[in-house]
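Residues in the sequence shown are numbered consecutively from 108, following the working numbering.
We put the beta carbon where it would ideally sit given N, CA and C, even for glycine.
These numbers come from a predicted model, not from an experiment.
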Amino acid sequence: MQAAITQSDVAREAGVSRGLVSLALADSPRVATETKERIREVAARLGYSRNFGAAALASSRSMLIGVVLPNLRNPYFESLVAAFQAESEARGYTVLTATASGDEARERAMLEHFQTMRVGGLILATPSRPASHYVAIASRLPLVIAGSPYDGGPAHVVHIDEFEAARIAVTHAVDRGYCRVVYLAEDVDSEAAGYRRAAIVAAAEAAGLEVDVMTPVASAEQFGTQAKREPGSVCIFAHNDYLAIDVVSQLRQAGIVPGSDVGIISYDNTFLARHAGFDLTSIDQRPDVQAKLALDAIEALAADSDPSGGDIVVSPQLVVRTSS
């Protein structure tokens with residue numbers, strides 16, 4: 108069996124020191140671009156594969172980042188993890204992703220596995236359990252919670268400004284002439300929906316609009332009837348793009364035209380929102396910015412320069428399409 112290629116082998120072939128190989132493969136700014144490319148070409152040709160466990164032992168710093176998602180059904184989580192991967196790879200990290208699937212025992216097992224693997228940091232996307240459940244692990248590993256406002260305890264929390272998002276969405280609804288807002292969420296009592304509901308209700312009431320909070324099942328007949336009676340009066344705020352596409356389908360089956368008879372504004376600006384069949388006006392949560400700030404926080408926590416939890420807020424953007 109052939110021995111694994113080492114950094115020393117790459118250094119010997121490239122005619123440089125092993126230390127320079129290590130810096131180049133970690134994408135250090137201290138190494139010239141041409142030298143990096145030459146070393147990487149030699150490493151690829153020889154079949155070198157970085158040993159992250161050895162690198163962590165040598166540097167006392169793991170280059171692995173663990174990410175736990177609720178699920179992959181909602182495409183927002185796919186876009187969020189893609190942003191984490193891009194930002195992590197740009198910094199020389201590798202991302203390991205797992206899904207909790209709403210199962211507390213599974214989430215706990217995933218966190219324990221990541222801890223055993225000595226990851227350099229953990230990112231939890233919109234966890235369903237309260238912050239008290241994560242105090243112990245946050246005391247051992249840099250922990251960032253991303254995707255929604257949260258009482259993070261010892262963890263950093265990265266999320267959009269929900270009240271700014273609601274304000275710009277409601278302002279758009281007012282400009283389009285809507286006089287009633289209906290907020291739809293599958294579970295209006297969940298923590299994530301609770302923050303968004305409070306923000307939307309506050310913004311709608313401040314703008315003098317009627318506002319209702321409903322589940323999709325309870326709402327279909329009510330707002331459908333008003334939309335037919337008073338076209339252009341109702342604007343539906345869907346909790347996410349995934350829910351919004353179901354609403355669009357239901358409206359069309361009832362003979363109601365989105366963007367004409369009723370407005371729809373959703374959240375996340377995923378590929379579903381951009382799809383020509385839906386063309387949803389949607390709040391962009393800017394996952395690329397969240398990813399950058401999340402990695403900044405992990406590195407700060409790892410350096411122990413900012414060990415306490417903090418709230419890191421991202422300004423959202425409204426992307427207007429034909430649904431509103």
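- Nearest Cα to serine 389 within the set Glu269, Thr377 and Ile230: Thr377.
- In the DSSP assignment, arginine 287 is bridged to Glu317 and Val341.
- As DSSP reads the structure, histidine 266 sits in a beta bridge with Val420.
- Counting the other CB atoms within 10 Å of its CB gives leucine 179 a total below 16, which places it among the exposed residues.
- Distances from the CA of serine 431 to each of Met217, Gly339 and Val420 were compared; the closest alpha carbon is that of Gly339.
- The three-state secondary structure of tyrosine 302, taken from DSSP, is helix.
- For leucine 425, the three-state secondary structure derived from DSSP is strand.
- Judged by DSSP secondary structure, glycine 126 falls within the alpha helix (DSSP H) whose first and last residues are 125–132.
- Secondary structure at aspartate 353: helix, using DSSP grouped into helix, strand and coil.
- One Cα belongs to arginine 125, the other to arginine 147, and the distance between them is close to 13 Å.
- Going by DSSP, threonine 388 is part of the beta strand (DSSP E) stretching over 388–391.
- Under the three-state reduction of DSSP, isoleucine 112 is assigned to coil, being neither helix nor strand.
- Nearest in C-alpha terms to histidine 346, of all of Glu219, Tyr183, Ala232 and Val226, is Tyr183.
- Around the C-beta of threonine 206, 16 or more other C-beta atoms lie within 10 Å, and the residue is accordingly described as buried.
- Around the beta carbon of glycine 173, 16 or more other beta carbons sit within 10 angstroms, so the residue counts as buried.
- Nearest C-alpha to glutamate 194 among Glu406, Pro423, Leu425 and Glu271: Glu406.
- Taking the CA atoms as reference points, alanine 313 sits about 16 Å from glycine 284.
- By the Cβ rule, the stretch 271–286 counts as touching the stretch 300–317, because three or more pairs are nearer than 8 Å.
- In the structure shown, alanine 150 adopts helical secondary structure according to DSSP, grouped into three states.
- For tyrosine 183, the enclosing alpha helix (DSSP H) has its first and last residue at 182–197.
- Sequence-distant partners of glutamine 192 (beyond 5 residues in either direction) whose C-beta falls short of 7 Å from its own C-beta, in its chain, are Val202.
- Inter-residue distance for alanine 280 and valine 288 is about 8 Å (C-alpha atoms, whole angstroms).
- Take arginine 145, set aside five residues on each side of it, and the residues of its chain with a beta-carbon closer than 7 Å to its own are Ala121, in chain order.
- From the listed residues Val364, Tyr290, Thr204 and Gly362, the smallest Cα separation to glycine 228 is found for Thr204.
- Counting only the Cα atoms, valine 396 lies some 33 Å from glutamate 317.
- By the neighbour-count definition (other C-beta atoms within 10 Å, threshold 16), glycine 254 is a buried residue.
- Under the criterion of beta carbons closer than 8 Å, valine 117 and tyrosine 155 qualify as touching, at roughly 5 Å.
- Cβ-Cβ distances below 7 Å link isoleucine 352 to Leu379 and Phe385 in the same chain, with the five nearest sequence neighbours on each side left out; the list follows chain order.
- The continuous beta strand (DSSP E) containing threonine 206 extends over residues 201–206.
- Going by C-alpha positions, valine 265 is about 13 Å away from alanine 299.
- Judged by DSSP secondary structure, isoleucine 405 falls within the alpha helix (DSSP H) whose first and last residues are 394–409.
- Per DSSP, the continuous beta strand (DSSP E) segment holding alanine 253 begins and ends at 250–253.
- Here proline 234 is buried, its C-beta having at least 16 other C-beta atoms within 10 Å.
- Rounded to whole angstroms, the Cβ separation of isoleucine 343 and valine 364 is 13 Å, and the two are not in contact under 8 Å.
- Inter-residue distance for alanine 133 and serine 422 is about 31 Å (C-alpha atoms, whole angstroms).
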